[in-house]
Structures are given as C-alpha cells and as structure tokens.
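> Below is the structure I would like to discuss, written out as structure tokens.
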Amino acid sequence: MKIISKSILIYAPTKQIFNALISSDEIIKYFPLKEVISDWSVGAEVLYKGEVEGVPFTDYGEIIELSAPHAYAYQYWSDNHGTERSNENLVTIRYQLQEAEDGTQLTLIQENLPTAELYDLMNDQVWDFLLNELKQYAEKKALRSA
10 MKIISKSILI YAPTKQIFNA LISSDEIIKY FPLKEVISDW SVGAEVLYKG
60 EVEGVPFTDY GEIIELSAPH AYAYQYWSDN HGTERSNENL VTIRYQLQEA
110 EDGTQLTLIQ ENLPTAELYD LMNDQVWDFL LNELKQYAEK KALRSA
C-alpha cells in the first residue's frame, strides 16, 4: 500500500491551525469545498461536500482521532473514487501538528488510496495545492491576530 506523506511549515500557532482543520466554517475558506458537516468528536461522522469539474461529490468519513492541538485523523469513502462503499475501500487522512520555531510543522499522511492514478494525482498535485492553501489562510489569519 502506498502512503502519501507531506510536511509543511506554517507560520501560525499550532492551536490556530488545528482549529482551522476541525471547523466546518473555516475549512470551506481554504479548501475548495462547498460544505463540511460534523460535530467534531471521535466516532462522529464528518462529511466533506464539493465539486470536481462540475460533478458533485461527498466524502463520507468518521473521525478516528481528535487530540487537540496535535492530531486529527479520519477514515472516509468518497463517491468520486469509483469504488463500492466498504471497509476495505476506506481512505485514512491524518494531520499531525508539532510546534516549530516561529510556527507549526504540519504533516499530512494519506493511506489506502484505491488506485495508482488517484495516488499519483493526490501526491503530485492535489495535496501540494491544498496544503499551500491552508498555509496561506492560516498565515494571513495569524497576521491579523497579531
């Protein structure tokens, strides 16, 4: 199984970034999603709703770890992955945050992508874009708060 691991230094407080990762209102400000629904507790459902090239999708997830402000993880199945909804097709996303000089080191780990094509897309393009969007959002917010 291929695992994506990406790390980025964000010049913002760890707590602020963690809160941005688990706030339905904030996520849609930096990730290209239309709606995020959850009560943000371990075992709770989390739904990420968006659109790719005009086609709506929903990621149906369950929160498996929520350790403020250092770790957030969930497993999900997406109706745009081309697989049937089953446990063996669940993808895991884990965010690990560590305080660093002048900011936060965020590490993203994604496991169990269903196809090599999706792995390549996520690894080579999507996560670099998404993490950069989070970085820009968090750093602008940190400057406004300073």
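If you count the sequence shown from 1, you need to add 9 to reach this note's numbering. We put the beta carbon where it would ideally sit given N, CA and C, even for glycine. Remember, predicted model here, so these are calculated numbers, not experimental data.
(1) Measuring CB to CB, does residue 191 end up less than 8 angstroms from residue 155?
(2) For residue 77, I'd like the list of residues in its chain whose CB is within less than 7 angstroms of its CB, leaving aside the five on either flank, ordered along the chain.
(3) Is the CB-CB distance between residue 71 and residue 81 below 8 angstroms?
(4) Look up residue 43 in the DSSP assignment and say whether it is helix, strand or coil.
(5) Between residue 83 and residue 102, is the Cβ-Cβ spacing less than 8 angstroms?
(6) Of all the options 56, 131 and 125, which has the alpha carbon lying nearest to the alpha carbon of residue 34?
(7) Quick one: any contact between the stretch 120-135 and the stretch 88-95, if contact means 3 or more CB pairs under 8 angstroms?
(8) Verify whether the separation of the beta carbon atoms of residue 79 and residue 106 is less than 8 angstroms.
(9) Would you say residue 68 and residue 87 are within 8 angstroms of each other, going by their C-beta atoms?
To lay it out plainly:
(1) The question about residue 191 has no answer, for the chain in this structure spans 10 to 155.
(2) The residue given as residue 77 occupies position 68 in the sequence shown. 27.
(3) Sequence index remark: in the sequence shown, residue 71 carries index 62 (1-based). Sequence index remark: in the sequence shown, residue 81 carries index 72 (1-based). Cβ atoms of residue 71 and residue 81: not closer than 8 angstroms.
(4) Residue numbering aside, residue 43 sits at position 34 when the sequence shown is read from its first letter. Shown here, residue 43 sits in a strand according to DSSP, grouped into three states.
(5) For the purposes of this step, residue 83 is taken as residue 74 along the sequence shown, with counting starting at 1. For the purposes of this step, residue 102 is taken as residue 93 along the sequence shown, with counting starting at 1. Yes, these two residues count as a Cβ contact at 8 angstroms.
(6) Position 25 of the sequence shown, counting from 1, holds the residue named residue 34. A check of alpha carbon separations from residue 34 across 56, 131 and 125 identifies 56 as the nearest.
(7) Three or more Cβ pairs drawn from the stretch 120-135 and the stretch 88-95 lie within less than 8 angstroms of each other, which places the two stretches in contact.
(8) As a first step, residue 79 is located in the sequence shown; it is residue number 70 there, counting from the start. As a first step, residue 106 is located in the sequence shown; it is residue number 97 there, counting from the start. Contact flag set, yes.
(9) As a first step, residue 68 is located in the sequence shown; it is residue number 59 there, counting from the start. As a first step, residue 87 is located in the sequence shown; it is residue number 78 there, counting from the start. Annotated as proximal: residue 68 and residue 87, with beta-carbon spacing under 8 angstroms.
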